[in-house]
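Trainee: Quick note on numbering: the sequence shown equals residues 5 to 682 in the numbering used here.
C-beta: ideal position from N, C-alpha, C; glycine also.
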Amino acid sequence: MKATGFISLWTLVSLPCGPLANPAEREDVVKHAIKLHRGKGAVITQRKQWVLESCRKLSGLLCQKNVVLNKLKNAIRAVEKDAGLSDEEKLFQVHTFEIFQKELNESENSVFQAIHGLQRALQGDYKDVVNMKESSRQRLEALREAAIKEEMEYVELLAAEKHQVEALKNMQHQNKSLSILDEILEDVRKAADRLEEEIEEHAFDDNKSVRGVNFEAVLRVEEDEANSKRNASKREVEDDLGLSMLIDSQNNQYILTKPRDSTIPRADHHFIKDIVTIGMLSLPCGWLCTTIGLPTMFGYIICGVLLGPSGLNSIKSIVQVETLGEFGVFFTLFLVGLEFSPERLRKVWKISLQGPCYMTVLMIAFGLLWGHLLQIRPTQSVFISTCLSLSSTPLVSRFLAGSVRGDKEGDIDYSSVLLGMLVMQDVQLGLFIAVMPTLIQAGVSTYSSIFKEILRILILIGQILFSLAAVFLLCLVIKTYLIGPYYRKLHTESKGNKEILILGITAFTFLMLTITELLDVSMELGCFLAGALISSQGHMVTEEIMCCIEPIRDFLAIIFFASIGLHVFPTFVIYELTVLLFLTLSVVIMKFVLAVLVLSLILPKTSQYIKWIVSAGLAQVSEFSFVLGSRARRAGIISREVYLLILSVTTLSLLLAPALWRAAIMKCVPRPERRSST
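(1) For the beta strand (DSSP E) that contains residue 250, what are its first and last residues?
(2) In the DSSP assignment, find the unbroken beta strand (DSSP E) run with residue 557 in it and report its ends.
(3) Would a C-beta distance cut-off of 8 Å place residue 336 and residue 557 closer than the cut-off?
(4) Tell me the DSSP secondary structure of residue 260 in three-state form.
(5) Is it the case that the Cβ atoms of residue 103 and residue 160 are separated by a distance below 8 Å?
(6) Below 8 Å on the Cβ atoms is my contact criterion, and I expect residue 623 with residue 664 to pass it. Report the Cβ-Cβ distance as a whole number of Å.
(7) Have a look at 429, 520 and 328 and flag the residue whose alpha-carbon is nearest the alpha-carbon of residue 355.
(8) Determine whether the beta carbon atoms of residue 541 and residue 488 lie at a separation below 8 Å.
(9) I need the straight-line Cα distance from residue 659 to residue 588, nearest angstrom please.
(10) Have a look at 585, 621, 613 and 608 and flag the residue whose alpha-carbon is nearest the alpha-carbon of residue 596.
(11) Given residue 617, which residues of its chain have a CB within under 6 Å of its CB, disregarding the five upstream and five downstream residues?
(12) Would residue 369 pass as an interface residue toward chain C - the criterion being a Cβ-Cβ separation below 8 Å?
(13) Where residue 259 and residue 269 are concerned, what is the direct C-alpha to C-alpha distance, given to the nearest angstrom?
(14) Alpha carbon to alpha carbon, what distance is there between residue 66 and residue 113?
(15) Taking the straight line between their C-alpha atoms, what separation do you get for residue 291 and residue 302?
(16) Under the assumption that residue 363 contacts residue 598 (Cβ atoms under 8 Å), give the Cβ distance between them as a whole number of angstroms.
(17) Once you ignore the five residues that flank residue 567 on each side, which residues in its own chain have a CB closer than 7 Å to its CB?
(18) Pairing CB atoms from the segment 470 to 481 with CB atoms from the segment 524 to 537, are three or more of them under 8 Å?
(19) For residue 230, which residues in the same chain have their Cβ closer than 7 Å to its Cβ, ignoring the five residues on either side in sequence?
(20) Can you tell me which residues form a DSSP beta bridge with residue 597?
(21) So what does residue 225 bridge to, in DSSP terms?
(22) Does residue 304 pass the burial test, meaning 16 or more other C-beta atoms within 10 Å, or should it be called exposed?
(23) In the DSSP assignment, the alpha helix (DSSP H) including residue 671 goes from what residue to what residue?
(24) Do the segment 113 to 126 and the segment 139 to 146 meet, that is, are 3 or more Cβ pairs less than 8 Å apart?
(25) To the nearest angstrom, how far is it from the Cα of residue 470 to the Cα of residue 517?
(26) Would a C-beta distance cut-off of 8 Å place residue 306 and residue 569 closer than the cut-off?
(27) When burial is assigned at 16 or more other CB atoms within 10 Å of the CB, is residue 670 buried or exposed?
(28) Where does residue 267 land, buried or exposed, given buried means 16+ other C-beta within 10 angstroms?
(29) Looking only at its own chain, which residues have a Cβ that is under 8 Å from the Cβ of residue 386, when we skip the five neighbours before and after it?
Rendered as C-alpha cells:
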C-alpha cells in the first residue's frame, strides 16, 4: 500500500518537472517503481532515499516557481512604467504575464490537491461504498472546477490575442498615413468594439457563484452538416453556436437560448423542423379520425405519439413545442370566455365555486382511504387524488365549440355550469402548485411540525381567496370604465386592417394573463376572464373577434394536442393494459358518480337533468396532470412507476371521454339540439 502511494507521489511530482529529467533518468525511475511494486529491491534505506529525492525535487520546483513569479512581477512593473509602449501593447504584455502567473499557481495547486486526494483514498476503507462514492464526488468536483478554470484561461488567452492584434494595428497605423476610408473603418471598428462590450452579458462569471449553481460536465454536439463543416476552419466551428446542443451526464439536452454575440441573428432550426413536421403529419391523422367519426384532436395526439420518443423520436425541441402548445390553451380559454357572457357567469357562480371544491374534498377523502388500505404515504395519496380530481378544460371546450345553447324557462344551461366548474378547477390547479412545496416538506417532517404545515396551507388558501377577490374587483372596474372605450378605439383604428384588432385583443388577453399570474392565480383564468369581459360588448363584437382569433386558436391547439401525444407511451400501455384499463375505468366511474352526487345537492330542482351531461364532461383527467406529475416526481413525492401510471390513466381517460360525452348527449339533450352539441 505504501509503495503504491510512493509511486503515485513520484508520478505527481515528476509531472511538472518532466523537462528537468532526461530520458535515461525517467527510464531508471520507471524500472525502480516496477521493482517496488513487485516487492523487489524494497529496502528501507532505498525507500527513504527515494522519498528524500522526490521531496527535494518538488521543493526545488517550488523554489524555482517563486523565483519566476518575482521576475514576472518585476516585468509587469517595468512594462507599466515604459513610456515608449502604447496602451494596447501594455495591456497585451501585462495580460500575458498575468496568465502565466495564474498557470504556475494552478499547477502547484493541482499537485497538492492530487496528493491530498491520494491521502484520503489511502485512509479510506475499500469495502465502504459510501466512502468511495464521496471520494469520487470530490474528485469529480475538483475536475469540474479545473475544467472551468481551463475554460477561463482559454478565454483570457483569446482576449490577450485580441489585444496583441490591436497593438499591431496601432503600430501599423502610426507608421503609415491613413486614407479617409481607412479612418472611417477604424472609427466603425472602435464603435463596434464598444457595442460588443455594452451588450455583452457576463452570465458565466455573474452566475457561477450564485447559490444553487453547480458545475456540470456536458457534451457539445454540433449540427451534422458534413459537406460544409469538413471544410470549415476550427475558429468558424467555434463561432457557429446557433445549432449547438449540450448534453449533460443525466442525458438532458439543452439548446442555445441567447448567444454571446447578440448582433448576429440566429434561428433554432430544430424547432422549425419540429413545427413543420407536426403541421404536415397532423393533416392525415386528423383526416383519418374525422373519417372514422372521432374528434380531430385525437388525430393530433396520434401525431404526437408517432413523432415523439415512443415513435420515430424525430422531435428534438420537446420543451419548446410544449411551450408553444400552451398558447393553444390560452386562446382556447379566451374563446370559451368570449362565449361565456357575464350574465351567464353570475347565474352559475355559486355552483361553479361549490362543485369543484366538494369534488376535490371527496376525491382526497377516498384517496386517503384507499391509501390507508394499500399502505400508501398520505402525501402521495393526497397528490394522486388531487391530480385525478382535475378535468380537461381544452377537451371539454372542443366538445362545446360551436354548439347553440341557451337557457330555457329559467333553467340553467349545462354548458355554463360545466365551463364554470372547469375554470374553477384551473384556479385550484394554481392553488395546488402553490401548496406543493408544503407537501414535499410534509413527506419528511415530524409530527411536531404538522400544525405549522396546516397553518401554512390555511395561509395559502387565504392568499388565493384574496387574489381571487382582487381579480374580480379589477374585472368589474375594467368592464365598467375601460373595455368599452378600448374596443371602440380598436375598432376605429382597424378599419381595413385586421392586424390592429388582432394585436389589441391579444395584448388585452396577455395583460389579463399577466395580472392573474402576478396575483398567484392560474394564467388560464386570466384568459377566460379576458374573453368574458369582451363578450359584454355585445353579440356583434363577439362574432367579429371570434372570426379573427379562431384560426390562430386552431393552429395552436394542434400543437397543444400533439404535445400531449409526446408523453403517451404505447408500449407501456400494452405491457400493463389490464391494470391500466381497470384503473382508468375506476377513476372515470368514481369521478362520474361523485359529480352526480355533488350536482344533485347543489343544482336547482328544475335543472337536475343536466347533472348527467356535466358529470360526463368532468369524468376524465386533465392533461395538466402531466405537469403536476413531472414536478412531483422531481420532488420525490411520487415514484417513477406512479408517474407512468398517472400519465397512462390520464391518456386513456381522455380517449374514453368522447364516448361518454356522446352517450350523455344522446340520453339528455333533445334531438334538435343534439347535432350542435356533438
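Mentor: By the coordinates alone:
(1) 249 to 252
(2) Per DSSP, residue 557 belongs to no beta strand (DSSP E); it is in the alpha helix (DSSP H), 543 to 569.
(3) Result yes, Cβ atoms of residue 336 and residue 557 sit closer than 8 Å.
(4) coil
(5) yes
(6) 6 Å
(7) 429
(8) yes
(9) 10 Å
(10) 621
(11) 418, 668 and 672
(12) You won't find chain C in this structure, because it holds only one protein chain.
(13) 15 Å
(14) 11 Å
(15) 10 Å
(16) 6 Å
(17) 308, 325, 326 and 329
(18) Yes, since at least three Cβ pairs between the segment 470 to 481 and the segment 524 to 537 fall closer than 8 Å, the two stretches touch.
(19) Note that residue 230 scores a pLDDT of 41, beneath 50, so its modelled location is shaky and nothing firm can be said.
(20) Looking at the DSSP assignment, residue 597 forms no beta bridge with any residue, so it has no partner.
(21) 249
(22) buried
(23) 644 to 672
(24) yes
(25) So the alpha carbons of these two residues sit roughly 17 Å apart.
(26) Yes, the pair counts as a contact, with Cβ atoms nearer than the cut-off.
(27) exposed
(28) Residue 267 is exposed by the Cβ-count criterion.
(29) The beta carbon of residue 386 is closer than 8 Å to those of 368, 371, 372 and 443 in its chain, skipping five residues each way along the sequence.
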